[in-house]
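*Asks:*
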Amino acid sequence: MECFDTIAAYAFRSIGYGERLLPRSDFTLCQQITLIGSGMLWNIYFGALALMAGFFLATALALGKAAKTPLIRKPSEWFIFLFRGSPLFIQFFLAYEAFVLLPKEGIEIFGITADTRWLTKAWAGALVVLFLNTSAYAAEIFYGALRSVPKGDLEAADAYGISGWSRFRRIVWPTMMRLGWPGYTNEAIFLFHATTLVFFSSFPAWQQRGDALYYAKYFADKTFNPFVPYPIVAAYFILLTLIVIWVFGLINRHLNRHLPGRAKPIRYRPQMIR
Amino acid sequence: MFAYCADPSTLQGFAWLTCYLTNGKHLIAYTSIGTVLLLLAITAPTALAFGFGGAIAARSRVAPVRWFGQGYTAIVRGVPDIVFFLFFVIALDQALEWLRHKALCPDWDEPIRQGSDFVVCTAAKLPLSASPQWVHEVYGFLLAVLTFAIVFGAFAANVLYGAMRAVPTAQIETAEAYGMTERQSIWRILVPQMWVYALPGLSNLWMILVKATPLLFLLGVEDIVYWARELGGTKGVIFEYPHPDWRLYYFLALLVFYLSLTQFSEVVLRRLSVKLSRGQATFAGERQRKATT
Chain G
1051 MECFDTIAAY
1061 AFRSIGYGER
1071 LLPRSDFTLC
1081 QQITLIGSGM
1091 LWNIYFGALA
1101 LMAGFFLATA
1111 LALGKAAKTP
1121 LIRKPSEWFI
1131 FLFRGSPLFI
1141 QFFLAYEAFV
1151 LLPKEGIEIF
1161 GITADTRWLT
1171 KAWAGALVVL
1181 FLNTSAYAAE
1191 IFYGALRSVP
1201 KGDLEAADAY
1211 GISGWSRFRR
1221 IVWPTMMRLG
1231 WPGYTNEAIF
1241 LFHATTLVFF
1251 SSFPAWQQRG
1261 DALYYAKYFA
1271 DKTFNPFVPY
1281 PIVAAYFILL
1291 TLIVIWVFGL
1301 INRHLNRHLP
1311 GRAKPIRYRP
1321 QMIR
Chain B
63 MFAYCADPST
73 LQGFAWLTCY
83 LTNGKHLIAY
93 TSIGTVLLLL
103 AITAPTALAF
113 GFGGAIAARS
123 RVAPVRWFGQ
133 GYTAIVRGVP
143 DIVFFLFFVI
153 ALDQALEWLR
163 HKALCPDWDE
173 PIRQGSDFVV
183 CTAAKLPLSA
193 SPQWVHEVYG
203 FLLAVLTFAI
213 VFGAFAANVL
223 YGAMRAVPTA
233 QIETAEAYGM
243 TERQSIWRIL
253 VPQMWVYALP
263 GLSNLWMILV
273 KATPLLFLLG
283 VEDIVYWARE
293 LGGTKGVIFE
303 YPHPDWRLYY
313 FLALLVFYLS
323 LTQFSEVVLR
333 RLSVKLSRGQ
343 ATFAGERQRK
353 ATT
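If you want it as structure tokens, here you go:
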């Protein structure tokens, strides 16, 4: 029964509902599981939003990198190089320092004051960094897929008189998605893993509202026992990874539905850390 | 550093900057670049050795060894690496202290975990509380290196395991048909040939390792991120070289440092790949052969 009270008090602690004070002594297993699970809400928030927004920028960047005119190609290449060649951790620090330097009263654009204060908060500032970062990584995957679109498909499109935007939307883009999807699945998983870095870079955890790893570290520091909180985080993340693989697998099946034989299950290859 | 730096308050412009960038604190900070390179230099071969052991274990015919190897490679899947970094640093420290405690103080009867404390006898402390500061720093650094090696060893094991399976089985069977023992066929046939298959994965891993080095900061080592925050912070008039908050510029410098490091690695790895493909029965090797003839 006691555990129900703990869940009621701390289940949404990370977004500011429930008990204000964190437990200070006599930590129970229930408290640790509840609070760390509450922190997972932030990981899911950062991962899901950055992924959704990043998808569109990544597609644009991939097309930009494949463009003929250097006016579009060069900026895309530089963007991808900048975010893939440097550690995400440094990007967080740099972005935070840059956001702090923005004028506090906002920037005047055509008479409208754009508020900039929220950029120094984790919920927006870190999201911007993650969004740009995942766009660069995904763009490289999509670019590789774009280059592997079979020549015959394009020639067939030409033969049928499909060109321009409709050729892209109906021929190139679906094939690009289909080819790039396994790589993109891995990218999604790593993005969720990368969200744990947010509260360890400069972004402050306001009123101790942090992510899963923030609370795990809180418990590990208080109890000086790493053998309970970190395995709990690990278990939550394995669960999250399985859900991501499942969801992306469904989409993968949808993308490959016209092909003879079932699409191969996506092989998860954990080889990327920022 | 320079003779004209004796009184910084009289300096202006470029001269001030040269003095500022060569003052004592900055010179210490530059050595932390060495810390990062040292970490890379120690971790890369250690992780490769761990990975090789893991891959060999995962191929073993003895079931418990195979389970260990497969479990080790599976450990990094699905869990963020930073969780491992934070976990292993404390866990390794406590494990070492516990082992020493068991060996050095057998007649200690109090429990080791007392509430929120981890208590071992004084003789078992690592490093001993009487040790000088540098011993503590070296110990912390070595723990970080070991942690990196364990985590990246698991990644490397994954790559090498795949590479070993990519070597044509016919070659191993031929070796055994000629009467080589299993050990001989591994060392003379499998290992020399697996590198060309492992290289793409290993170069990827190297890039990841380079980009993971700022995490040293989280493990309590005074690395370049630590110094960038330390030196960049606002310095009031009581300091020799007062300046406002310059952390942005310091982190920009770090960004450039990492970009050039990854770019340099990419060039070196591309050359290595050309070299390893020579004479191999692969697409790249075949293309090289055709280009020369």
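Residue numbers (this note's numbering), protein chains in the order written: chain G, 1051 to 1324; chain B, 63 to 355.
Note that beta-carbon positions come from the ideal geometry of N, C-alpha and C, so glycine has one too.
If you're wondering where the values come from, they're calculated on a predicted model, not measured in any experiment.
Find the residues of chain G that neighbour residue 130 of chain B, judging by a C-beta separation of less than 8 Å, and give them in chain order.
*Replies:* Neighbours of residue 130 of chain B on chain G: none; closest Cβ ~18 Å, over 8 Å.
*Asks:* Across which residues does DSSP place residue 305 of chain B in a beta bridge pair?
*Replies:* Looking at the DSSP assignment, residue 305 of chain B forms a beta bridge with B:297.
*Asks:* Hey, residue 1276 of chain G and residue 152 of chain B are a contact pair by Cβ (cut 8 Å); roughly how many whole angstroms apart?
*Replies:* Residue 1276 of chain G to residue 152 of chain B, Cβ: 4 Å. Contact.
*Asks:* I need the boundaries of the alpha helix (DSSP H) containing residue 1034 of chain G, first residue and last residue.
*Replies:* The displayed coordinates of chain G run from 1051 to 1324. Any statement about residue 1034 of chain G would go beyond what the structure contains.
*Asks:* Classify residue 1102 of chain G as buried or exposed, calling it buried when 16 or more other Cβ atoms lie within 10 Å of its own Cβ.
*Replies:* With fewer than 16 other Cβ atoms within 10 Å, it is exposed.
*Asks:* Apart from the five residues on each side of it in sequence, which residues of its chain come closer than 8 Å, Cβ to Cβ, to residue 1083 of chain G?
*Replies:* 1282, listed in sequence order.
*Asks:* Can you have a look at residue 1196 of chain G and say buried or exposed, based on whether 16 or more other CB atoms are within 10 angstroms of its CB?
*Replies:* Counting Cβ neighbours within 10 Å, residue 1196 of chain G comes out buried, since at least 16 surround it.
*Asks:* Output the distance between the C-alpha atoms of residue 1123 of chain G and residue 352 of chain B, rounded to the nearest integer angstrom.
*Replies:* So the two alpha carbons sit approximately 32 Å from each other.
*Asks:* Could you tell me whether the Cβ atoms of residue 298 of chain B and residue 304 of chain B are closer together than 8 Å?
*Replies:* Result yes, Cβ atoms of residue 298 of chain B and residue 304 of chain B sit closer than 8 Å.
*Asks:* Which same chain residues, not among the five before or five after residue 1063 of chain G, have their C-beta less than 7 Å away from its C-beta?
*Replies:* So the qualifying residues of the chain are 1069, 1085, 1088.
*Asks:* Less than 8 Å between CB atoms is the rule here; does residue 324 of chain B satisfy it with respect to chain G?
*Replies:* Judged by the 8 Å Cβ criterion, residue 324 of chain B is in contact with chain G.
*Asks:* Would you list the one or two residues that DSSP bridges to residue 175 of chain B?
*Replies:* Paired residues: B:180.
*Asks:* Please report the Cβ distance between residue 154 of chain B and residue 208 of chain B, rounded to the nearest whole angstrom; I am assuming they are in contact, meaning their Cβ atoms lie under 8 Å.
*Replies:* With a Cβ gap of about 6 Å, residue 154 of chain B and residue 208 of chain B count as contacting.
*Asks:* From residue 1203 of chain G to residue 322 of chain B, what does the alpha carbon distance come to, in whole angstroms?
*Replies:* Roughly 39 Å separates the two Cα atoms.
*Asks:* Quick check on residue 1151 of chain G: buried or exposed, where buried means 16 or more other Cβ atoms within 10 Å of its Cβ?
*Replies:* Exposed.
*Asks:* If I'm right that residue 1096 of chain G touches residue 1182 of chain G with Cβ under 8 Å, what's the distance once you round it to whole angstroms?
*Replies:* Not quite, the Cβ-Cβ distance comes to about 13 Å (not below 8 Å), so this is no contact.
*Asks:* Identify every run of the beta strand (DSSP E) within the segment 72 to 155 of chain B, keeping only runs that are complete inside it and at least 3 residues long; order them along the chain.
*Replies:* Counting only runs of 3 or more, we get nothing.
*Asks:* Would you please verify whether the beta carbon of residue 276 of chain B is less than 8 Å from any beta carbon of chain G?
*Replies:* Answer yes: the Cβ-Cβ gap between residue 276 of chain B and chain G drops below 8 Å somewhere.
*Asks:* Along chain G, which residues have their Cβ under 7 Å away from the Cβ of residue 180 of chain B?
*Replies:* Within chain G, the residues near residue 180 of chain B are 1274.
*Asks:* Could you check how far apart the C-beta atoms of residue 1246 of chain G and residue 1263 of chain G are, in whole angstroms? I think they sit under 8 Å.
*Replies:* About 4 Å separates the two Cβ atoms, so the contact holds.
*Asks:* Candidates G:1054, G:1302, G:1253, G:1229: which alpha carbon is nearest residue 1168 of chain G's?
*Replies:* Among G:1054, G:1302, G:1253, G:1229, the Cα nearest to that of residue 1168 of chain G is on G:1253.
*Asks:* Output, in chain order, the set of chain A residues within a Cβ distance shorter than 7 Å of residue 1202 of chain G.
*Replies:* Any reference to chain A falls outside this structure, whose protein chains are G and B.
*Asks:* Determine, for residue 1143 of chain G, whether the minimum Cβ-Cβ distance to residues of chain B falls below 8 Å.
*Replies:* Yes, residue 1143 of chain G lies at the interface with chain B (some Cβ there is under 8 Å from its Cβ).
*Asks:* Helix or strand or just coil, what does DSSP make of residue 1221 of chain G?
*Replies:* Reduced to three states, the DSSP call for residue 1221 of chain G is helix.
*Asks:* Residue 1053 of chain G: buried (16+ other C-beta within 10 angstroms of its C-beta) or exposed?
*Replies:* With fewer than 16 Cβ atoms within 10 Å of its Cβ, residue 1053 of chain G is classed as exposed.
*Asks:* Mind checking the segment 129 to 158 of chain B against chain G and listing, in chain order, the residues whose C-beta falls within less than 7 Å of any C-beta there?
*Replies:* Of all residues in the segment 129 to 158 of chain B, 138, 139, 140, 141, 142, 143, 144, 145, 148, 149, 152, 153 have a Cβ within less than 7 Å of some Cβ in chain G.
*Asks:* Could you check if residue 1298 of chain G belongs to the surroundings of the ligand SAH, using beta carbon to heavy atom distance under 7 Å?
*Replies:* Although the ligand SAH was asked about, the structure shown includes no ligands whatsoever.
*Asks:* Considering Cα atoms alone, identify which of G:1166, G:1272, G:1175 is closest to residue 1075 of chain G.
*Replies:* It is G:1272 whose Cα lies nearest to the Cα of residue 1075 of chain G.
*Asks:* Applying the 10 Å Cβ sphere with the 16-neighbour rule, what's the burial state of residue 1121 of chain G?
*Replies:* Exposed.
*Asks:* Quick one: residues in its chain with C-beta nearer than 6 Å to the C-beta of residue 121 of chain B, no 5 flanking neighbours on either side, listed in chain order?
*Replies:* No residues qualify anywhere along the chain.
*Asks:* Give the single residue among G:1078, G:1170, G:1126, G:1294 whose Cα lies nearest to the Cα of residue 1243 of chain G.
*Replies:* Here the closest residue by C-alpha is G:1294.
*Asks:* Relative to the alpha-carbon of residue 73 of chain B, which residue among B:218, B:205, B:167, B:302 has its alpha-carbon at the smallest distance?
*Replies:* Among B:218, B:205, B:167, B:302, the Cα nearest to that of residue 73 of chain B belongs to B:302.
*Asks:* Quick check: what's the CA-CA separation for residue 1175 of chain G versus residue 1146 of chain G?
*Replies:* Roughly 7 Å between the two C-alpha positions.
*Asks:* Below 8 Å CB to CB, which residues in the same chain sit around residue 128 of chain B once its five sequence neighbours on both sides are set aside?
*Replies:* So the qualifying residues of the chain are 119, 120, 121, 122.
*Asks:* Kindly give me the distance between the Cβ atoms of residue 1135 of chain G and residue 350 of chain B, rounded to whole angstroms, as I take these residues to be in contact under 8 Å.
*Replies:* Not confirmed; about 28 Å, so no contact.
*Asks:* I'd like to know if residue 273 of chain B contacts chain G, where contact means its C-beta is closer than 8 Å to some C-beta of that chain.
*Replies:* It does: the Cβ of residue 273 of chain B has a partner Cβ on chain G nearer than 8 Å.
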